[in-house]
Structures are given as structure tokens and as C-alpha cells.
Amino acid sequence: MSLDVELEEVALTKELHRKQIALGKLRLQVAHLRHIRLASLRDCLVCEADLCVDATDSVVTPDDHTFLLPEPQKTQVDWCPPTLPLSVNEDASTSVHFAAMAGANTQAVLEVEIAAVGDSFEC
């Protein structure tokens, strides 16, 4: 790689880091404002209940009621991108060899043979 390319990579990495920090700060602000809005809406509903305010005279809108609903719990599917299913080769065999670790005088060799059996795997 040339020096210009390396300098450009460093500059882009720094810019990405700055943007990630800014995004984190914005998310924190949004969470804080959401907390304030939730507390204010709950206080408003309590006051309206105490004053026996009719639903037609309420200052709480349907959007506010929707905002008060708890957020659905995220699952792993929500956080992970979709992947293509892998085809299973029943005769698959994998060997992994590790070179000697830094500072060690021994060489580690790991051999793993995986044979697919139905829905489970045997090692």
C-alpha cells in the first residue's frame, strides 16, 4: 500500500470513530428525552384522572397513547442480518492446524471431524 492510501485509511477511521461517538451521544439524548416525555405523559394522565377529564377533552393524543405502550422485546432475528441456509455435506471433514503460538516452543494441532447426523452434529 502506498503512503497516501494508508493516510486516507487513517483519516477515514478517525472520521468513522468521531461519527460513532456523535451517534452514541445522540442516542443518549434521545433516550433521555424519551424518559422525560414518558414521565410527563404519565403525570398528565394522573392529573386528568384526578380532575375527571373526559376523553374528548384530554390533551393526550392517540399518538401519545401509542408512545406509552411498551416497546416489543428485540430478538436475535432483529439484531442479526438474514443469512442463507448452508447445505450440509454429510461426508464433511474439517482439519484445522495452528502454527506455534508466539513465545511457545510447542506446536498445537487441532483436528476436528464433523459428521452430520440428522439435526445434530458429532465431533
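Residue numbers are given in full-length UniProt numbering: position 29 of the sequence shown equals residue 29, and the series is strictly consecutive.
Where is the CB? At the ideal position from N, CA and C, for every residue including glycine.
Predicted, not measured: the structure shown is a model, and the values here were computed from it.
Looking only at its own chain, which residues have a Cβ that is under 6 Å from the Cβ of residue i, when we skip the five neighbours before and after it?
i: H17; result: none
Beta-carbon within less than 8 Å of residue i's beta-carbon, same chain only, minus the 5 sequence neighbours each way: which residues are those?
i: C80; result: none
i: L41; result: V60, D64, F67, L68
Handout entry: Contact between the region 44-59 and the region 23-36 (3+ Cβ pairs under 8 Å)
Key = no
Problem - Contained beta strand (DSSP E) runs [length at least 3] in the region 8-88, N- to C-terminal order - result: none
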